[in-house]
Amino acid sequence: MAKIIYIEHNGTRHEVEVKPGATVMEGARDNGVPGIDADCGGACACSTCHVYVDEAWADRLPAKDSMEEDMLDFAWHPDPARSRLTCQIKVTPELDGLVVHIPEKQI
C-alpha cells in the first residue's frame with residue numbers, strides 16, 4: 005500500500021492507503037475524499053478529478069500524455085507545471101507519500 009495525502013482547498017488533510025495499481029482518483033473516490041468528482045469514472049474524458057501535485061512531487065510523476073494535456077485545458081485554473089488528472093496517475097510503491105492539493109472546485 006502507498007499513502008497518498010489529499011489536501012482539500014480549505015486545508016483539510018486526508019491520508020489514505022491506496023493499493024498499487026489503483027489510480028490516485030480511485031483512492032480518493034473509494035475513501036470518500038471530497039472534491040474529486042470523477043464524473044467520467046476515470047476514462048480521461050473530463051477534468052473533474054483535477055489536482056495540483058505538491059511541488060516536491062511534480063517532477064517525480066510520469067509525464068502527462070496528450071489526452072490528459074487536452075482534458076486539463078478544461079480544468080479549474082490549471083497550472084502547467086503542477087496540474088494533473090488523478091485518473092491518470094497509477095499508484096506504485098514509489099508514490100508512497102504523494103501529496104496532492106484539491107482545487108476550490110471542479111468543472
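Here the sequence shown is numbered in my numbering, starting from 5 and rising by one per residue. Note that CB positions come from ideal geometry on N, CA and C, so glycine has one too.
Please state whether DSSP places residue i in a helix, a strand or coil.
i, result
"valine 95", "coil"
Thinking C-beta only, is residue j closer than 8 Å to residue i?
i, j, result
"leucine 76", "leucine 89", "yes"
"histidine 13", "glycine 36", "no"
"histidine 18", "tyrosine 56", "no"
"serine 51", "isoleucine 111", "yes"
Cutting at 6 Å between CB atoms, please list the residues of its own chain near residue i, excluding the five before and the five after it.
i, result
"methionine 71", "Cys48"
"aspartate 41", "Thr52 and Gln110"
Spatial neighbours of residue i within its chain, please: CB distance less than 8 Å, with the 5 preceding and 5 following residues excluded, ordered by chain position.
i, result
"threonine 27", "Gly46, Thr90, Cys91, Gln92, Ile93, Lys94 and Val95"
Could you name the residues of the same chain whose beta carbon sits closer than 7 Å to that of residue i, not counting the 5 residues immediately before and after it, in chain order?
i, result
"alanine 85", "Ala62"
"histidine 81", "Pro107"
With burial defined as no fewer than 16 other Cβ atoms inside 10 Å of the residue's Cβ, what is the status of residue i: buried or exposed?
i, result
"glutamate 30", "buried"
"alanine 60", "exposed"
Secondary structure, alpha helix (DSSP H): runs of 4+ residues fully inside the region 19-66:
For the region 19-66, the continuous alpha helix (DSSP H) assignments of 4+ residues that do not extend past its boundaries occur at 28-34, in sequence order.
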